[in-house]
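One structure is given below, encoded as structure tokens.
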Amino acid sequence: MDYKTITYERLGETLYEYDHPTGLKAFLVKKPGYNKKTALFATDYGSIDNVFKKSDAQVMHVPDGIAHFLEHKLFEQEDGNMLEKFSKLGSSPNAFTSFNQTAYYFTCTDLFDENFRMLLDYVQNPWITDENVEKEKGIIGQEIRMYEDSPGWRLFFNLLDCLYVNHPVKLDIAGTLESIAKINKELLYECYNAFYTPGNMVVVVCGDVEPEPVFTTVDNMIKSKDGGRPEKRYPEEPETLNMEYKEQKLRVSMPLFSMGIKDPVRLSGYDLLKRRTALGIILASIMGRSSELFNRLYYDGLINDSFRFDVAVDQSYGFVNWGGQSPDPQKAAGEIRGEIETTVERGIDPVVFERIKRSHEGVFIRTLNSPDIIAREVMDSYFNRTSYFDLSRVFEELEIDYTNSVLRSLFAKTAALSVINPV
Numbered sequence: 020m021d022y023k024t025i026t027y028e029r030l031g032e033t034l035y036e037y038d039h040p041t042g043l044k045a046f047l048v049k050k051p052g053y054n055k056k057t058a059l060f061a062t063d064y065g066s067i068d069n070v071f072k073k074s075d076a077q078v079m080h081v082p083d084g085i086a087h088f089l090e091h092k093l094f095e096q097e098d099g100n101m102l103e104k105f106s107k108l109g110s111s112p113n114a115f116t117s118f119n120q121t122a123y124y125f126t127c128t129d130l131f132d133e134n135f136r137m138l139l140d141y142v143q144n145p146w147i148t149d150e151n152v153e154k155e156k157g158i159i160g161q162e163i164r165m166y167e168d169s170p171g172w173r174l175f176f177n178l179l180d181c182l183y184v185n186h187p188v189k190l191d192i193a194g195t196l197e198s199i200a201k202i203n204k205e206l207l208y209e210c211y212n213a214f215y216t217p218g219n220m221v222v223v224v225c226g227d228v229e230p231e232p233v234f235t236t237v238d239n240m241i242k243s244k245d246g247g248r249p250e251k252r253y254p255e256e257p258e259t260l261n262m263e264y265k266e267q268k269l270r271v272s273m274p275l276f277s278m279g280i281k282d283p284v285r286l287s288g289y290d291l292l293k294r295r296t297a298l299g300i301i302l303a304s305i306m307g308r309s310s311e312l313f314n315r316l317y318y319d320g321l322i323n324d325s326f327r328f329d330v331a332v333d334q335s336y337g338f339v340n341w342g343g344q345s346p347d348p349q350k351a352a353g354e355i356r357g358e359i360e361t362t363v364e365r366g367i368d369p370v371v372f373e374r375i376k377r378s379h380e381g382v383f384i385r386t387l388n389s390p391d392i393i394a395r396e397v398m399d400s401y402f403n404r405t406s407y408f409d410l411s412r413v414f415e416e417l418e419i420d421y422t423n424s425v426l427r428s429l430f431a432k433t434a435a436l437s438v439i440n441p442v
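To convert, take the position in the sequence shown, counting from 1, and add 19; that gives this note's numbering.
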């Protein structure tokens with residue numbers, strides 16, 4: 020069998036890569052001596068992909084939440100629920116729908132081959148009926164109502180509503196009660212046939228397994244299917260905010276706040292990895308646990324251990340966000356804005372830059388001990404046209420001048436503020 024072997028000597032990692040005749044890509048990261056094994060089967064299709072052009076040139080507009088709905092439906096097969104089947108084989112299955120991906124996976128220590136074949140089989144064989152679609156609407160409707168009352172969830176999506184005018188990243192992944200009411204069997208199959216094609220999917224395996232049998236299983240089980248990669252369509256998004264502030268009242272013991280900045284720069288491949296890494300270093304230098312700002316706000320009682328920051332930069336959208344609990348969100352936000360302005364003006368201290376870069380590289384290296392994390396990151400990087408292991412080169416090559424240029428171009432923009440106050 021013909022497959023590539025890519026060795027990352029600096030990391031001590033080996034990546035095996037196989038191109039199936041259908042266009043599907045399969046990866047194996049071999050981890051000798053590891054008991055835990057993970058396999059993942061994913062499609063480059065998420066909640067933001069509600070307008071797309073099919074291979075027959077027809078442009079489809081589908082209801083919000085349909086990618087997540089389809090994920091739920093694939094677990095239900097005519098001869099039983101897949102969660103129960105995997106459990107009988109001693110594995111832990113799961114799935115997720117994000118803004119841009121849907122992934123099905125399992126972890127196990129034994130019976131890997133049986134679990135792997137079952138994963139490849141059920142994802143390629145949906146069983147969708149009018150009856151089970153209506154049943155699922157009730158289940159997902161309960162999930163939507165639960166999220167409507169979730170302070171953290173509402174805080175996050177209210178922030179995205181502040182940041183984005185048109186882009187569907189601002190919409191709830193599960194959709195709304197109104198949007199899922201429009202979903203039917205025919206629409207689900209339309210989306211499945213458009214996005215669940217080999218050329219739009221990837222298989223990733225991580226653990227102490229050999230490439231030859233893994234890729235032989237892939238070769239034997241992946242169905243030849245027309246479709247390729249559908250053309251995703253997104254609306255034009257202005258650089259300006261939709262709104263600077265949004266507030267909601269829910270049952271919380273202390274107010275929550277989240278701030279964010281929309282990143283208008285669209286990249287892919289190595290350049291995307293590099294920008295993500297630089298943004299993480301910028302945020303850590305301004306408001307990380309070792310920063311002067313974090314410690315000042317913490318000891319003044321304006322933030323607590325719930326404070327976090329995050330980078331979400333993809334090919335069609337990007338933003339940075341931070342926040343947590345605070346007795347006075349407006350004051351905390353004002354202090355953070357002031358520190359951002361100061362940092363933009365003076366730049367990041369070179370000593371701080373090197374310390375944080377080394378720390379983040381250490382976190383990256385520690386992730387290489389987790390088959391679950393490796394599988395997800397290899398998937399995500401493939402769909403973004405790069406390799407997760409190229410992060411090693413990013414840390415080696417990333418310079419302070421580039422990082423400061425990203426700081427000054429992005430963080431000079433207005434940050435939006437989302438607040439959840441007690442009822």
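Ideal Cβ placement from N, Cα and C applies to all residues, glycine included.
As computed with DSSP, Asn113 is found in a beta bridge with Tyr124. Cβ contact annotation for Ala351 (same chain, cutoff 8 angstroms, sequence separation greater than five): Phe276, Leu316, Leu321, Ile322, Ser345, in chain order. Ranking Cys181, Asp282, Tyr123, Lys281 by CA distance to the CA of His87 puts Tyr123 first.
Between the alpha carbons of Glu364 and Ile392 lies a distance of about 37 angstroms. Relative to Arg285, the option among Phe338, Asn151, Glu133, Leu43 whose CA is nearest is Phe338. Short of 8 angstroms from the beta carbon of Ser287, and not among the five residues preceding or following it, lie these beta carbons of its own chain, in chain order: Gln334, Asn403, Arg404, Thr405.
Residue pairing of Glu311 in beta bridges, as defined by DSSP: absent, with no partner found.
Under the three-pair Cβ rule at 8 angstroms, the region 228-239 does not count as touching the region 152-169. Taking C-beta atoms under 8 angstroms as the contact rule, Val184 and Glu256 qualify, at a distance of about 6 angstroms.
Here the C-alpha atom of Glu311 lies approximately 11 angstroms from the C-alpha atom of Tyr318. The three-state secondary structure of Arg136, taken from DSSP, is helix. Exposed is the label assigned to Met20, since fewer than 16 other Cβ atoms lie within 10 Å of its Cβ. At the C-beta level, Lys432 and Ile280 come within 8 angstroms of one another.
Apart from the 5 residues on each side of it in sequence, Leu429 sits with its Cβ closer than 7 angstroms to the Cβ of Ile280, Asp282 in its chain, given in chain order. Per DSSP, Asp38 is one residue of the beta strand (DSSP E) stretching across 32-38.
For Trp341, the enclosing beta strand (DSSP E) starts and ends at 337-344. Assigned with DSSP and collapsed to three states, Asp329 falls in strand. The bridge partners DSSP lists for Cys225 are Val48, Thr57. Under DSSP, Phe276 forms a beta bridge with Gly343, Val438. Of Ala297, Ile192, Pro390, Leu269, the smallest CA-CA separation from Ser437 is found for Leu269. In the DSSP assignment, Gln96 forms a beta bridge with Gly99.
Counting along the chain, the unbroken alpha helix (DSSP H) around Gln161 starts and ends at 149-167. Unbroken beta strand (DSSP E) runs of no fewer than 3 residues, entirely contained in the region 180-259, are found at 220-226, following chain order. Restricting attention to Glu205, Ala303, Pro441, Leu108, the CA atom closest to the CA of Val330 is found in Ala303. Comparing C-alpha distances from Glu153 to each of Lys204, Trp146, Val188, Lys104 shows the shortest one belongs to Lys204. Cβ contact annotation for Asn219 (same chain, cutoff 6 angstroms, sequence separation greater than five): Thr62, Asp63, Arg248, in chain order. If you ignore the 5 residues before and after Thr33, its C-beta comes within less than 8 angstroms of the C-beta of Thr24, Ile25, Thr26, Tyr27, Val48, Lys49, all in its own chain and listed in chain order.
Where Thr422 is concerned, the enclosing alpha helix (DSSP H) starts and stops at 419-429. Each residue's CA atom was taken as its position, placing Asp420 and Arg377 some 17 angstroms apart. Contact between the region 203-217 and the region 86-104 is present: three or more C-beta pairs spanning the two stretches fall below 8 angstroms.
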